[in-house]
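K.L.:
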Amino acid sequence: MTGPIRLARQTTVAVCQTLLEIEPLIVSLGEDLLVVMRRSAAQPATRLVAVVDDAGHLVGVLPILRLAESVIARVVPESLMADIADVADVARFGHAVEARTVSDVMLEPASIRPSATLGEAFRLMHHRRISGLYVVDDDGRPTGYLDLLELAVAYVDALEGRSPQPDS
Amino acid sequence: MDVTVAAIVFLVTYALIATDRLDKTIAALLGGVAMVVLRVIDQAQAFLAIDFNVIFLLAGMMILAGILRRTGFFQWLAIRSVKIADGDPFRLLLVLSVVAAVLSAFLDNVTTVVLLAPVTLYIATTLRVSPFPFLVSEILASNIGGTATLIGDPPNILIGSASGLDFVAFLGTMAPAAILVFVAFVVTVRLFFRGALEVHAEVREAVLALDESEVIADPRLLRVSMLVIGVTLVGFLVHGPLGYEPATIALLGAAVLMLVARIDAETVLREVEWPTLFFFVGLFMLVEGIVQVGIVDALARGLFELTAGDQGITTLGLLWLSAIASAIVDNIPYTATMIPVVRGLGAEGLAIEPLWWALALGACLGGNATIIGASANVVVANLAGRAGHPITFRAFLPYGVVVVLESLVISTVYLWLRFLA
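Here the protein sequences come in this chain order: A and B.
Following the working numbering, the numbering of the first sequence begins with 1 at its first residue and continues without gaps.
Following the working numbering, the numbering of the second sequence begins with 169 at its first residue and continues without gaps.
#1: Applying the 10 Å Cβ sphere with the 16-neighbour rule, what's the burial state of LEU75(A)?
#2: Step through the CB atoms of chain B and report whether any lies within less than 8 angstroms of the CB of PRO77(A).
#3: What is the rounded straight-line gap between the Cα of ALA250(B) and the Cα of ALA549(B)?
#4: Say whether the stretch 382 to 398 of chain B touches the stretch 337 to 347 of chain B, bearing in mind that this needs 3 or more beta-carbon pairs closer than 8 angstroms, one atom from each stretch.
#5: In chain A, what lies closer than 8 angstroms to LEU378(B) by C-beta?
#6: Helix or strand or just coil, what does DSSP make of ALA589(B)?
#7: At the 8 angstroms Cβ level, is MET32(A) part of the contact set with chain B, yes or no?
#8: From which residue to which residue does the beta strand (DSSP E) around TYR134(A) run?
#9: Since GLY320(B) is in the alpha helix (DSSP H), which residue starts that stretch and which ends it?
#10: Do SER329(B) and ASN221(B) have their beta-carbon atoms positioned less than 8 angstroms apart in this structure?
#11: Within its chain, find whatever has a CB closer than 6 angstroms to the CB of ASP137(A); leave out the 5 residues flanking it on each side and keep chain order.
#12: Pop quiz: THR580(B) and LEU454(B) are said to be a contact at Cβ under 8 angstroms. What is the actual Cβ separation, rounded to whole angstroms?
#13: Would you say TYR145(A) and GLY132(A) are within 8 angstroms of each other, going by their C-beta atoms?
#14: Where ALA345(B) and LEU62(A) are concerned, what is the direct C-alpha to C-alpha distance, given to the nearest angstrom?
#15: Can you find a C-beta in chain B that's less than 8 angstroms from the C-beta of GLU69(A)?
#16: Decide if the stretch 231 to 248 of chain B is in contact with the stretch 272 to 287 of chain B; the criterion is three or more beta carbon pairs, one per stretch, under 8 angstroms apart.
#17: Cβ of ARG458(B) within 8 angstroms of Cβ of PHE178(B)?
#18: Spatial neighbours of GLU574(B) within its chain, please: C-beta separation below 6 angstroms, excluding the five flanking residues on both sides.
#19: Name the two residues that bound the continuous beta strand (DSSP E) containing GLY340(B).
#20: Assess contact between the stretch 496 to 513 of chain B and the stretch 272 to 281 of chain B, defined as three or more Cβ pairs (one per stretch) separated by less than 8 angstroms. Is contact present?
#21: Which residue marks the beginning of the alpha helix (DSSP H) containing TYR145(A), and which one marks its end?
#22: Mind checking the stretch 528 to 555 of chain B against chain A and listing, in chain order, the residues whose C-beta falls within less than 7 angstroms of any C-beta there?
#23: Hey, THR101(A) and THR11(A) are a contact pair by Cβ (cut 8 angstroms); roughly how many whole angstroms apart?
#24: State the DSSP-derived secondary structure class of PRO299(B), mapped to helix, strand or coil.
#25: Could you work out which residues of chain B lie near MET81(A), taking near to mean beta carbons separated by less than 7 angstroms?
#26: Given that a residue counts as buried once 16 or more other Cβ atoms are within 10 Å of its Cβ, and exposed if not, what is GLY530(B)?
#27: Could you tell me which residues DSSP pairs with PRO63(A) in its beta bridges?
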C-alpha cells in the first residue's frame, strides 16, 4: 500500500485489515481448552479465537474472557458463584464448569466480509458485545481478524491527525 | 349481557395465560382493564379489588430476598450443605432438598432454586453424575417447603389476605402437612435416585475442597440482612396478636434493611419483580369482573349443589381439583379465581376454614406435578436447558406425578383427621 490510509466510517474492512495486521487465531472444534489457552497466551493481540470445522469454515468464536472463565470455574469456582444473580449467569457458569473443548464454550460465529465498512464492523461488535470480528471470504473461511481496541486506537489516531488520516 | 362479556373476557384471558400465547402480565392487565373498558365494572370497583396487602407483602419480601441474594448467602448455604453431606451425593441431595424447602418456606421459591443451582451444577460435574436428580429434587422440595407458611408461596399469600388467617394459623396447619409430605418425598427420592448417585471416594474429596467463605460477597451486609430478616420473621409470628397485616411487617422489614444495607433505593427497587406485581393487579381486576356480575356466586352455588352441601366431599374435592388445576394452569390465577368461590361456599353454610386449607394445599402442592406447574419448575427447566442439561416435560412428569399423588393422599388424610372426622 502506498500513501496514508484514509480511515473513516466508510473505510472498507479490507483496508482496516491491512492497517492492523493482527494474526488470526484459528482452532478446531474439538481442540482442548488448555491447548487453546496456551496458544492464546502466545498471541495476546488476538482477543477473539476463531473456531473452524474440518473444511475450514468459521463455525464459532471464543472470546478470551470466556476462555478464562472456564479455567477459573475449575480452579476457584467460588469466585464465579459469588457473582451469580440470575438464570443467564447460572447457565453460563454451568457451561464454564463442564467445558473441556472449544465447542463446549464457543459463541455463534461473528464475521464480516472484506467489502463491509468500518461503521458496520463497529455496529456488529457493539451488537454482539464482543471485542473482535473475523473477516471471512465468500466460502465463510476466516482470512483475517479485526480487533475492536486496535481499531479504535487507529481511528482515534486518525482523528487526531496522526497517520492514518480520516476521510473527514 | 354483562355476564356474557365478563365470561368471555375472563376465559380469553385465562386461555392466553394458560397457553403462553401472550406474556402473562400483559394478558392479565389487558383482561383486567377490559373489564373496566367494556363497563362490566367501573374503575373504582376495579381498583378497590386490588388487594394491596398481597401486593406489598410480595414487594416487601422481594426486596428482602433481593438484598440477601447480593450477600452470597444462598451459595454459602449450598457449599455448607456439601460439607455437611461429606460429599456423599445422595446425602447431599437430601441436605440440598432440606435447604431448598426451608428457604422456600420463608423466601421466594424462584430465588432459592436459582441460587442453589450453580453449586448443584458444579457438584454434579465434579462428582461426574447427572445434575437431573439434584435439580428435580430441589424443585419438588422448594414447592413443598413453600406450602408451609403464609409467605412461602403466592397462593398462600392470596389466601392469607382474603381469609384473615394469620401467619401462626398457616404455620400451625400448613407446616405439619408440609413436613409429612416432605418425609414421604424423601422416601420417594431415595427410591427414584439412590442407584443413580454412586461415585468413587476420590471425586468426593474434590467437592469438599470448595471454600464457602469465598462466596460471601459482603460479610457486613450478610450480618445485617440475617438480623433484619430474622426480626421480620418474628414480626410475622406476632402480626396477628399485634393487629398488623403481614404486608406492614414485610414493608417495615424491607424499609429497615434498605436503610441499614446502605444500598440506594433505586438499585434495590430495580430488582423487584414488577411484572409479577402487575400480574396480580390485573388478576384482581379481572376476577372482580366475574364476581360483580354474579358468575362466581353461581359457580359456588353449583359446586354446593354438586356436593349436596357435604363438607367432606366439598373440602376434599376442592383439594384434588386445586391440585389438578395447578398442575395444568398457573396456580396464581387459579387461586385468585377460587377465593371468591370459597367465600361463596362459606356463604352457603359450609365451614370455610377447611376449604381455605384445602385450596392452599391443593394449589401449592399441585404445582409439583408438571414442569410448568409452578414458577420454580419453569425457571429451573430453563436454566438447566441453557446449561446443557434439559429437563423435559416428559422426563419430569413421572417424578412430579408420584410426589403430587402421595402429597394429595397425605393431605386428604390430614384434612380429614384434623377438620372433617
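Even glycine gets a Cβ: it sits at the ideal position worked out from N, Cα and C.
On a predicted model such as this, the values are computed, not experimentally measured, just so you know.
P.N.:
The answer reads as follows:
#1: Position 75 of the first sequence, counted from the start, is the residue given in the question as residue 75(A). Rather than Leu, the amino acid found at residue 75(A) in this sequence is Val. The residue in question, VAL75(A), is exposed, as its Cβ has fewer than 16 Cβ neighbours within 10 Å.
#2: Numbered from 1 along the first sequence, position 77 holds the residue referred to as residue 77(A). Judged by the 8 angstroms Cβ criterion, PRO77(A) is in contact with chain B.
#3: Within the second sequence, residue 250(B) is the residue found at index 82, counting from 1. Within the second sequence, residue 549(B) is the residue found at index 381, counting from 1. For the sequence presented, residue 250(B) should be read as Val rather than Ala. Cα-Cα distance, rounded: 23 angstroms.
#4: no
#5: Locating residue 378(B) in the second sequence gives position 210, where the first residue counts as 1. Per Cβ cutoff of 8 angstroms: PRO77, GLU78.
#6: On the second sequence, residue 589(B) is found 421 positions in, with the first residue counted as 1. Coil at ALA589(B), not helix or strand.
#7: Taking the first residue of the first sequence as position 1, residue 32(A) is located at position 32. Note that residue 32(A) corresponds to Asp in the displayed sequence, not to Met. Answer no: the Cβ-Cβ gap between ASP32(A) and chain B never drops below 8 angstroms.
#8: Within the first sequence, numbered from 1, the residue matching residue 134(A) stands at position 134. Taken as a continuous stretch (DSSP letters only), the beta strand (DSSP E) holding TYR134(A) covers 132 to 136.
#9: Against the second sequence, residue 320(B) aligns to sequence position 152. Careful: GLY320(B) lies outside any alpha helix (DSSP H) and carries neither H nor E.
#10: Taking the first residue of the second sequence as position 1, residue 221(B) is located at position 53. Taking the first residue of the second sequence as position 1, residue 329(B) is located at position 161. Going by C-beta atoms, ASN221(B) is nearer than 8 angstroms to SER329(B).
#11: Within the first sequence, the letter at position 137 stands for residue 137(A). Taken in chain order, the residues that qualify are THR143.
#12: Here residue 580(B) refers to the residue found at position 412 of the second sequence. Here residue 454(B) refers to the residue found at position 286 of the second sequence. With 8 angstroms as the limit, THR580(B) and LEU454(B) do not qualify as a contact, their Cβ atoms being about 31 angstroms apart.
#13: Counting from one through the first sequence, the residue named residue 145(A) turns up at place 145. Counting from one through the first sequence, the residue named residue 132(A) turns up at place 132. The answer is yes: Cβ separation under 8 angstroms.
#14: Numbered from 1 along the second sequence, position 177 holds the residue referred to as residue 345(B). Numbered from 1 along the first sequence, position 62 holds the residue referred to as residue 62(A). Roughly 51 angstroms separates the two Cα atoms.
#15: The sequence position of residue 69(A) within the first sequence is 69, counting from 1. Taking Cβ atoms only, chain B never reaches closer than 8 angstroms to GLU69(A), which makes this a no.
#16: yes
#17: As a working note, residue 458(B) is residue 290 in the second sequence. As a working note, residue 178(B) is residue 10 in the second sequence. The question names Arg, but residue 458(B) is Ile in the sequence shown. In this structure, PHE178(B) lies closer than 8 angstroms to ILE458(B) by Cβ.
#18: Translated into the one-based positions of the second sequence, residue 574(B) becomes position 406. Contacts found: ALA352.
#19: What you label residue 340(B) is simply residue 172 of the second sequence in a count that begins at 1. Here GLY340(B) belongs to no beta strand (DSSP E); instead the alpha helix (DSSP H) covers 335 to 361.
#20: no
#21: Residue mapping note: residue 145(A) aligns to position 145 of the first sequence, counting from 1. Careful: TYR145(A) lies outside any alpha helix (DSSP H), inside the beta strand (DSSP E) at 142 to 147.
#22: VAL547, ASN550, LEU551, ARG554, ALA555
#23: Position 101 of the first sequence, counted from the first residue, corresponds to residue 101(A). Position 11 of the first sequence, counted from the first residue, corresponds to residue 11(A). Not really, about 37 angstroms apart at Cβ, beyond 8 angstroms.
#24: Translated into the one-based positions of the second sequence, residue 299(B) becomes position 131. PRO299(B) falls in the coil class under three-state DSSP.
#25: Translated into the one-based positions of the first sequence, residue 81(A) becomes position 81. Correct list: GLN243, PRO286, VAL287, VAL383.
#26: For the purposes of this step, residue 530(B) is taken as residue 362 along the second sequence, with counting starting at 1. Buried, since its Cβ has 16 or more Cβ neighbours within 10 Å.
#27: To locate residue 63(A), count along the first sequence from 1; it is residue 63. Beta-bridge pairing links PRO63(A) to LEU48(A).
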